[in-house]
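Protein chains: 2
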Amino acid sequence: MPQPQPATNQILAALPSDEFERLARDLQPIDLPTRMDLYERSNPVEFVYFLHRGVVSMTTPFDNGTSVEIATIGPEGMVGIPVFLGADRMPSNAFVQVAGHGVRLSADAFRRIIAMCPSLNHLLLRYTLALMDQMAQTAACNRTHAIEERCARWLLMTHDRVYANEFPLTQEFLAQMLGVRRPSVSIAAGMLAKAGLISYVRGRITIIDREGLEAAACNCYHIIADEFRRLVGKPG
Amino acid sequence: MPQPQPATNQILAALPSDEFERLARDLQPIDLPTRMDLYERSNPVEFVYFLHRGVVSMTTPFDNGTSVEIATIGPEGMVGIPVFLGADRMPSNAFVQVAGHGVRLSADAFRRIIAMCPSLNHLLLRYTLALMDQMAQTAACNRTHAIEERCARWLLMTHDRVYANEFPLTQEFLAQMLGVRRPSVSIAAGMLAKAGLISYVRGRITIIDREGLEAAACNCYHIIADEFRRLVGKPG
DNA sequence: GGGCCTGTGTTAGCCAGCCAACAATCGAGC
DNA sequence: GCTCGATTGTTGGCTGGCTAACACAGGCCC
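Line by line, the protein sequences are chains A and B. Be aware that the first sequence starts at 1, since it is given in the working numbering, and climbs by one per residue. Be aware that the second sequence starts at 1, since it is given in the working numbering, and climbs by one per residue.
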């Protein structure tokens with residue numbers, strides 16, 4: 001399912017040339033190193049981002065400093081959907097989960113341009129739907145499924161978005177994403193490694209048996225991936 | 001926070017008269033008895049609904065027959081946002097949680113009309129954002145907070161939408177909504193009752209101490225309610 | 001080499017909520 | 001009054017994940 005290696009963002013790539021031209025002059029290339037914060041809850045929005053490569057996490061923070069991931073966004077989408085929906089400040093946090101690069105434009109420019117771009121509008125509506133579906137499934141999955149299943153699902157979803165079998169990822173980090181303790185991930189990831197599905201050393205993880213991993217994940221993975229395929233043409 | 005008793009749907013009420021006229025001829029009044037199914041996952045969408053009264057639940061079903069609620073919709077919103085976003089089939093289930101009434105119009109009519117109604121478009125974008133925020137917070141809350149807190153939160157959110165201190169609700173039903181076992185609700189609800197915050201008899205629940213209930217709920221309630229207030233002008 | 005930081009493995013005790021089952025109570029209908 | 005179904009209360013055993021530590025290994029810098 002992964003591998004095709006698109007160099008560009010899928011939404012931008014799908015735009016008719018006149019609309020892309022309209023955007024182009026306001027787009028700034030931007031490098032996205034791991035852990036870079038793009039948004040923080042309640043803060044005003046400055047930019048929206050289109051990834052060419054890499055993965056961004058949306059997380060919901062709690063008062064006690066912990067947070068739970070509610071959606072992931074890669075080159076298939078746009079980071080900053082709330083701006084499209086009319087927000088001026090962010091409802092959740094977002095940060096770079098797997099390093100990459102892309103382009104951004106100011107929220108003001110985006111708001112100005114969006115009115116003149118029917119295709120972009122249409123694409124973003126559909127992407128918004130895919131994102132909502134992902135959040136809904138994640139909500140239910142978080143509530144119900146065992147850590148090992150969710151762990152496998154998360155690895156698959158990230159795999160779909162990085163176009164590589166190996167990527168940087170510590171257990172500590174994964175624990176934060178899943179909203180669980182690090183030792184729990186240690187056990188779950190250990191099981192997956194023992195089963196020969198993945199391997200990892202000091203912050204780098206490798207997907208060995210993609211199919212096996214799909215079998216180990218809860219069905220939520222396929223539900224989300226199918227929905228993305230229907231709505232935006234790609235599993236992630 | 002509840003009580004004002006609007007007889008009409010807030011989104012419809014906020015429309016300029018020309019846009020409302022455009023909708024009006026396609027609106028059919030509809031009664032919404034408890035447990036009526038409005039949508040089922042993967043089925044084609046036939047209608048979108050605007051509630052004047054009552055509460056609808058969106059739930060994500062699992063293969064094993066259980067399901068988890070991911071959002072609630074009352075007279076403040078529209079049931080069928082996925083149609084607005086371009087879906088032709090439903091990603092989740094939806095059914096009537098507290099009986100009420102409203103109007104509906106066919107998905108086709110809705111799609112035809114929406115293009116000619118900039119205000120409706122704008123209102124629905126903002127409502128979509130509020131719904132996403134609710135889902136995100138729910139996802140994180142489901143993962144993290146104790147049953148008693150979530151139970152209190154759920155009662156408050158429903159309270160905001162029914163405009164009455166008493167409404168029908170069994171523990172069995174509440175357990176399904178929270179995605180937990182019924183005995184767990186029995187305990188949690190028992191605690192809230194013992195603390196004098198609520199009372200219930202055989203399927204009818206009464207909110208006695210609204211403030212106390214807010215104190216017993218997790219902060220998620222206020223986060224969601226504040227967001228709704230900012231975006232659509234009402235706590236629920 | 002030695003110190004140190006980061007990442008991983010593991011342990012032991014604890015607790016919330018699970019599962020399965022059964023008891024008690026109320027209301028409606030006969 | 002009696003039966004029956006729907007609703008609520010409660011119990012006991014089980015377990016997944018949590019809390020709180022501690023041990024160890026690899027890599028980097030001095």
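Using N, Cα and C, we set each Cβ at its ideal position, and we do this for glycine too.
Here B/G65 carries a coil assignment [DSSP, helix/strand/coil]. When C-beta distances to chain B are compared with 7 Å, the residues of the segment 60-88 of chain A below that value are T60, F62, D63, V68, I70, P82, L85, G86, A87, in chain order. Short of 7 Å from the beta carbon of B/A217, and not among the five residues preceding or following it, lie these beta carbons of its own chain, in chain order: E149, A152, R153, L156. Sequence-distant Cβ neighbours of B/T59 in its own chain, meaning closer than 7 Å and more than five residues away, are S67, V68, E69, I70, S92, N93. When 8 Å is used as the limit between beta carbons, A/Q137 is near these residues of chain B: T60, in chain order. By the C-beta criterion, the segment 95-102 of chain B is judged to be in contact with the segment 37-51 of chain B, since at least 3 inter-stretch pairs fall below 8 Å. Taking 9 Å as the threshold, the shortest C-beta distance from A/D26 to chain B does not fall below it. The C-beta distance from B/V83 to B/F110 rounds to 6 Å, short enough to meet the 8 Å contact threshold.
Listed in chain order, the non-local C-beta contacts of B/A130 below 7 Å within the same chain comprise E227, F228, L231, V232, local neighbours out to five positions each way being set aside. Within 8 Å of the CB of B/P44, no CB atom of chain A is found; the nearest one sits about 13 Å away. Taking C-alpha positions only, B/D133 is separated from A/H122 by approximately 21 Å.
Secondary structure remark: continuous alpha helix (DSSP H) runs of at least 4 residues inside the segment 160-216 of chain B, in chain order: 171-178, 182-194, 210-216. The Cβ-Cβ distance between B/E19 and B/S106 does not fall below 9 Å. According to the DSSP secondary-structure assignment, A/N93 is paired through a beta bridge with A/T59. Looking at B/G74, B/R112, B/G212, B/I223, the one whose alpha-carbon comes closest to that of B/G196 is B/G212. Here the alpha carbons of B/P183 and B/G190 stand approximately 10 Å from one another. Counting along the chain, A/P44 sits inside no alpha helix (DSSP H), nor does DSSP assign it H or E at all. A Cβ-Cβ contact shorter than 9 Å links B/V162 with B/V98. Contact between A/I224 and A/Q137 holds, with the beta-carbon distance rounding to 5 Å and staying under 8 Å. For a cut-off of 8 Å, the C-beta gap from B/C220 to B/H145 is around 7 Å, short enough to register as a contact. Between A/L23 and A/L15, the CB-CB gap stays under 9 Å. A Cβ of chain B is located within less than 9 Å of the beta carbon of A/E227. With respect to A/R210, A/F167 sits apart: the two C-beta atoms are not nearer than 9 Å.
The C-beta of A/M177 has 16 or more other C-beta atoms within 10 Å across all chains shown, which makes the residue buried.
At a beta-carbon threshold of 8 Å, none of the residues of chain A lie near B/R182; the nearest stands roughly 16 Å away.
Beta-carbon to beta-carbon, B/L125 and A/G77 are separated by about 17 Å, too far to satisfy the 8 Å threshold. Taking 9 Å as the cut-off, the beta carbon of A/I147 is found closer than this to the beta carbon of A/A188. For B/P29, the enclosing beta strand (DSSP E) stretches over residues 28-32. With respect to the 9 Å criterion, A/T8 and A/P61 are not classified as neighbours on the basis of their beta carbons. B/A13 sits exposed, since fewer than 16 C-beta atoms from the chains shown fall within 10 Å of its C-beta. Taking the C-beta atoms as reference points, B/M116 is found no nearer than 9 Å to B/S42. According to the DSSP assignment, B/P118 belongs to the alpha helix (DSSP H) that extends over 118-144. In the assembly as shown, A/S17 is an exposed residue. Its beta-carbon has fewer than 16 other beta-carbons within 10 Å. By the neighbour-count definition (other C-beta atoms within 10 Å, threshold 16), A/N64 is an exposed residue. In the three-state DSSP reduction, B/R25 falls in the coil class, being neither helix nor strand.
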